[in-house]
Amino acid sequence: MEPDWRREPQAPAPQGRPRPAPFLWLLVPALLMTAGCRGDANPPGAPPRGATRRAEGEAKAASPAMPSAGEPAKALAAFNQGTALLEQYRYKDAAAKLRTVVEAFPEWTAARFNYGLALLNLPDDADALKKAGEELGRVVATTPEHRPAQFCLGILEAHGGEYSKAVGHFAKVHEADPEDAFVAFEYAEALRKLDRNDEALGVLERVVERDPGFVSACYSLGMLYNRMRQRDKAVAVLKRFGDLKSQELAVGSYGVVKPYAGRGKYYTALGADSLPIPATPMSPAPRLLFAPEIRSIDCVLSAWSWAGGEVALPGIAVGDVDGDGDQDVILCGAGTDGGVVLLANDGKGAFGRPVRLADRGVSPCLGDLDNDGDLDLWLGRDGQDQLLLNDGRGAFKPAPISTAKDGACLTACARLADLDSDGDLDLMSLRIKAGAVPGDASQTASPSTLLNNNGDGTFPDLAGVLGLDLPDRPSSAVVFDDFDDDRDVDLVLVSPKAPPLAWENHRVGRFRILDSKVTRLDLAGARSVTTGNPFKTGKRDLLLFAGKELALYHNRGGWKFERDDEFSSRYGTLGGTSGQFADLDNDGDLDVLIADAHRRDGSRGPAVLLNDWPIKRFIEATEADAGSLLPRWKCAGDAVAVAADFDGDGTLDLLVASMGGPPVVFDNATRGSHWLALDLKGQRGQDQNSRSPSTSIGARVELRSGAVSQQYVVGTPAGGTAMPPTRVHAGLGASPSVDWLRVNWPDSLLQAEVEVLGDRPLTLNEESRRPSSCPHLFAWNGHAYGFVSDFGGVGGLGFRTGPGSFATPDPTEYVAIPNLAPLDGEYILQVVEPLQELVYFDEAKLIAVDHPAGTTILPNEMAAVGLAPPPFEVFCFREAIAPVRATNGRGDDVTDALARTDRVFAGPVECDRRFVGFAKDHFVELDFGDRLESLPTDTRRILCLDGWVEYSDSTSNFAASQAGLRLKAPSVLVERDGKWTELLHEAGYPAGINHTMTLDLTGKLRPGDRRIRIATNMDVSWDRIYVALPGPASSFGLKEVAPRRADLHFLGYPREYSPDGRQPTLFDYSKVSKSDTWHRLPGAYTRYGDVLDLVTRTDDRFAVMAAGDEITLRFPADAFGPVPAGCVRTFLLKSDSFCKDMDLYTGAGDNVEPMPYHDMKEYPYDPATAPPVPEDVRRSRDQYNTRVIAP
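Shown next, in the form of C-alpha cells:
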C-alpha cells in the first residue's frame, strides 16, 4: 500500500465516468466558466499575453489573483505555479506563491510541504531556514510517516551540523524505504559524521551494490574502507570510482543536478493531491467521437517473404518530415517486396501519392541523426539496415554507413536512443535469422547491433561491449526509458520465446541484465511493449502486448514491477500486437490504444481503453459509447496503430494498418477540452553543443494544469514496428492553459515554464547556457564594480582532452586590472562564481606595478598547451609594432579588426557546429612588411595576442574524439623561402574573456621574417595582435600586498549582457539575480564568513566556493605607498585557484571531492595512492568546510 502522504482520497464510485479528482469538485465550474463554451478546439477570448523567457513566441495565460479559502481554482493554479517556480530555482518567488496557498488552505499538506521545501532551498537566509523547519515540522506533527518531510528535516539538521538529529529523520525514511539510494546515502553520511562507521559501512555497501553507478557513494565507501583499514576493499571500490571519473558518463545520482532537483524523490515538490474540499458527484465525460467516415490511404499493404520467413506486419513512423508543421507518414509493406514509402500530409490530414524510398523495410524510426534540424530515417530491413538522411524538405538519400554484418538476417525492431549521453542518437537493431514478424515461436536470434553515433558519420557496433547483442535470444521489441529514475537510459526487451529482460545502465560501458525473477515481468512471448504513467505515480509503467494477452505492469521502484491483476481480468484477453498510451479525449489522462484487439464478438481491430482517473481503472470505449465507430473496421490479421493529430485540429487521430489492404484513418471529432502540442528542440541542434539531441528523444515532460497532471517521454514506441511522432500531445481538460510545464532534457538540464497558453502547437527550445568558464573578477573603478575578466581557467580540474586524457591544471594566474580605484581607503575586488562549477581558492595578492608614463604593462600569461606554463614575468614596453596588413584563411582583410582592442574580432571562418569550442582549421596571417627589419638585435620580441576563447568542454572533447578530432591550440608559423616554418607548436591560448596571451619569439624570429601565421582549430577570436619590445625589469617597480580582509558570502548571479550585440557577453555587477540558475556539485563547501586565513598563502587550505558565491577582497590602499614621480601605476591580481565544472565527462565532476593539492601529478587522482592529508589542512577542512550540499 502506498504511504498516506501519497495516497489519493477515495471517492464513492459514481454513475458514469467521473473526470476530475473528487477533492476538486469546486474547481470544475470555475474553470468551465473561465473557458467558456466550446464548439471547436480553439476557445475564443483567449489572446496571448506576451512571451515566456525561453520559448520564442510562447504566449502566457493571465496570472490568477491570490487565492482565498473559497477559491480552490485559484489555489490550485497558485500551487502549480509555485511548484513551477521551484523548478526554475526561483525559490523566493516559489515560497511567496506557496505561502498564499497555505494561508488559504492550512490543512493542505502537499502545499505546506512544498512551501517548506522552497524555504529550505534558501540556505543563506537564516529566517527562511527557521521557517522551513517550522513548516516541515507541522507536516510531521500531523503525519509522522510523511517521508518527504522527514527527509527534508534531516537535510535541514545536517545543514546546521546537528547530525544526531539528522540521523533520526533519515533513519525513519530509510526504514520505510530501504531501496532509495539518496536516502541511504544521506543516512550513511550522517552516521559517518557521528563516527558510527560500522553502521555507515553497511548502509553504503548496500547502496553501491544496488547502484554501482552512484559515484558519491562509491567514493564515500572507499574512503570509509580506508579509514577502517580495509585496504583491499578500498582499492577495489576506489578503482570503480576512478573508472567512473575517467569517463564521466554520469548524470543524476552522481551529481549533474541542482540541489532541489537532485536529492531524489523525497526532495521534490509533491503533486496537487489531498486538497481538503468535500467530494460531490461529477458530471460524465464527453464521448470519444470519430468522424463518420473511416478514410483509406491510397497505398495497399502486402505481406511479403524473406529468406527466413514472412513479414506479416506493416511498419509505421510518423513525423514532420518536410518541415511544414504537419505529421507525415513512413510506411513499410507497400507491395510484395516490402516497399518503404513516404506519405506527405497536406496539412488537413489528407496524404499525397506514396513516394518510394526503399524496399524490404520492416521497422522505420524517425529522428535527427546528424543534428541538422530535420528528421532522418533509420530503417530496419531484411539484409542491411539503412540510414537515410533528410535534406530538410523531405527528400532522402542513403548515408554511407556499415550496418549489420550478416546480410542474411532481418531486423525485427529498430530504435533510436542516446545510450551514451553524448548528444547523438545511437542506432539499435534487434536481428533475427529466421522466423516471422510479428515475433512468434518460429523466431531464431541473430546478434543484434548497437551502432554508436560518433557524430562524424561513423557508427561502430558496441552491442557486444554493452551486452546487447543477445545472439541466443530473439527479441521482438525494445522500449527505452529511465525506469530506475537515475537519469540515464535503461531498456526493456521482450521476446516471443521468453519473459522480458531489463538492461540497467550503469554508465561508462557498464550495465546489469535483470531477468524476470528480479523484475517480476513474467509475461512470456510478448510481441511488443510500450511505457507510460497512466495513474500519475511518477514512475514509468509497462504495457505488454502478447498476441492474445495484454498485461499492465506497474513500476514499484527498484526494478520491481507488479502485474495489475484487475486490468488483466477485465482486458487481458483483448491481447494485441501493438499499441500506445495517448490522451485520445484530451481530458488530461492517458488512455490505451490497441491496434488489433481480439474483440468479444470474435473480430479483430482497434480498441481504446479510456482512463477513468481518479479511479485507477480503464473503461472500454465501446462500453461508454455503444455507437463507437471503432468496431466497424476489422482486420484479418495482425495490425499496427499510431495516434497523431494529422489534421491539426487538436485531437489525436488514429492511423491503423494491416497487411492485405490500405491503411485507414479514424478522424477524432471529440470536442470540449483543451490541449497543447509540444515540439522539443534539444540544444544539440541549435548551437551544436554536445547536449541533448536535436529531436530530444528521451526527454521527460511533465505538466500540470488545474486538476490535470501528465507525464510523457519523447520517442516512446507504439509497437515493435511502429513509432508515433516525437511531438508530445497533452490534453488539458477544462484548463485553457498550462500552469506548470517541466522538461527533464536528455542532458539532465531541468527546465520549467509557467502559464503556457494551450490550444496550439508550441516549439520549446532547450535553454542555452554557458555552464562553466571559471571565476569572474570585478573591481571598484571609482563609481561601480566593473567587470575585469574571468580568470583561473588554466586551473581547471578534470578537463578531458580525449577519451582517457586530462589537461594538467595550472592554478597560478596574473590578471591585469585597469582603472582600479580606492574606496574608503581600500582597493576592493570581488571574486564571483556565476556559473555551474566550484572554485578552490587558495591565494590572492594585489601587485602594484609602477612604470614610466606612456608605457604599457602586461603579465606573461596564457593557457599553456604545447609549452610549459609561463613563469611570472612582467613586460613593460612603450613600442607596439602592428602588422601592415592582416588577412584570414578566406583571404578577408582583417587589418582593422586587429588594430585595437575594441571587441571587433577576427574569428574563425567557420565553427565546427558539431562540437562546442571547435572550429574548422583557420588562421590569421600577419604581414609586418619591413617593420621588424630594423629592430635592435638585443631587444626581446614578445608577440601579444588580445582575444577570447569559447571554451570547449569535456563532453565536446569526448564526442569529438569519437569523430577522430582533437583541439589544436594556436601554433605560430613564419614564412621563409615560400614555405611556412613552425616556430611554436600548439603553444596555448588566451584563457577566457578579456585576456592577452604573450609569446616570446626572441631568438626565433630572424632578420627578413615578414609574415607570421597563427593557426588553430579552436573557437578563438583575436581582437588585437602586435609585437611588443619590452624594456629591462629595472624600468619599473613591483609591490605585492596581501588582503586585509576576505569575506565569503552568497551574492547571486550578475546579469550577462553584451554592450554591442557581439560575443563574448560580459557581466553587470549592478544587476544581480538572487535566484539560482545553476546546479551545484554536492559536497562540503567553506562556511560563509571570514576566510582571510584561507586566501593569504598557497597551502592547499582552500576556500571552496559554489555557484553564486563571492569572496570580497579588501587591500589597504596605503600599503602601496605613493606613485613615484613620472610613473603611473598598474595593478595585477595574483591568484592561485583551481576550478571544476559539472560537465558529464569532467573527471570527478560530480562532487567537491577529491580535494586538489598542488603536488598532484594528475586530476582526477586515485585517492588510495594519494599522500596523507597534512594535519593543518585536515584541521582547516574540519573548521571551515562545514557548509554541506548533499547529492
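When the sequence shown is numbered by this note's numbering, its final residue is 1416 and no position is left out of the sequence of numbers. C-beta atoms are modelled at their ideal positions from N, C-alpha and C, and glycine is treated no differently.
Kindly indicate the opening and closing residues of the alpha helix (DSSP H) around residue i.
i           : result
residue 317 : 316-329
residue 380 : 372-384
residue 199 : Because residue 199 is not part of the residues shown, which for the chain are 226 to 1416, the question remains open.
residue 337 : 334-345
Between residue i and residue j, what straight-line distance do the alpha-carbon atoms span, to the nearest angstrom?
i            : j            : result
residue 682  : residue 1138 : 14 Å
residue 656  : residue 552  : 29 Å
residue 1436 : residue 603  : What the structure shows of the chain is the stretch from 226 to 1416, and residue 1436 is not part of that stretch, so it cannot be assessed.
residue 439  : residue 981  : 36 Å
residue 1182 : residue 550  : 35 Å
residue 959  : residue 933  : 9 Å
residue 422  : residue 1402 : 22 Å
residue 1227 : residue 737  : 59 Å
residue 637  : residue 660  : 10 Å
residue 1106 : residue 1156 : 7 Å
residue 1425 : residue 925  : With the chain covering only 226 through 1416, there is no way to say anything about residue 1425.
residue 493  : residue 785  : 22 Å
residue 1042 : residue 1239 : 27 Å
residue 611  : residue 690  : 22 Å
residue 1268 : residue 434  : 49 Å
residue 306  : residue 665  : 49 Å
For residue i, which residues in the same chain have their Cβ closer than 8 Å to its Cβ, ignoring the five residues on either side in sequence?
i            : result
residue 1044 : 1004, 1006, 1007, 1011
By Cβ distance below 7 Å, which residues in the same chain neighbour residue i in space, the five residues on each side in sequence not counted?
i            : result
residue 1031 : 1023, 1024, 1025, 1372, 1387, 1388
Figure out for me which residue from the options has the closest Cα to the Cα of residue i.
i            : options                : result
residue 999  : 1212, 1066, 1316, 1253 : 1066
residue 946  : 588, 1310, 787         : 588
residue 1390 : 415, 383, 434, 444     : 444
residue 635  : 979, 601, 673          : 673
residue 1015 : 1219, 521, 618         : 1219
residue 328  : 876, 299, 352          : 299
residue 593  : 424, 1272, 905         : 905
residue 875  : 862, 898, 882          : 898
residue 513  : 731, 685, 807, 567     : 807
residue 862  : 675, 881, 1350         : 881
residue 527  : 819, 564, 362          : 564
residue 902  : 971, 972, 987          : 987
Specify the secondary structure class of residue i as computed by DSSP and reduced to three states.
i            : result
residue 305  : helix
residue 1130 : coil
residue 794  : helix
residue 1158 : coil
residue 596  : coil
residue 1001 : strand
residue 457  : helix
residue 995  : Caution is warranted here: a pLDDT of 49 is assigned to residue 995, below 50, making its placement in the model unreliable, and no coordinate value can be reported.
residue 1400 : helix
residue 443  : helix
residue 779  : strand
residue 633  : coil
Taking 6 Å as the limit between beta carbons, can you name the residues of its chain near residue i, skipping five residues before and five after?
i            : result
residue 1085 : 1095, 1098, 1223
residue 1211 : 1090, 1091, 1193, 1194, 1196
residue 522  : 576, 887, 888
residue 814  : 836, 838
residue 1175 : 1142, 1244
residue 272  : Any answer about residue 272 is weak, because its pLDDT of 27 lies below 50 and its placement is not dependable; what the coordinates show is given next. Contacts found: none.
residue 768  : 755, 777
Following the continuous beta strand (DSSP E) through residue i, name the residue where it begins and the one where it ends.
i            : result
residue 1074 : 1062-1077
residue 770  : 766-770
residue 823  : 816-823
residue 1196 : 1196-1201
Within 8 Å of any Cβ in chain C, is that where the Cβ of residue i sits?
i           : result
residue 572 : The chain labelled as chain C is not found in the depicted structure, where only one protein chain is given.
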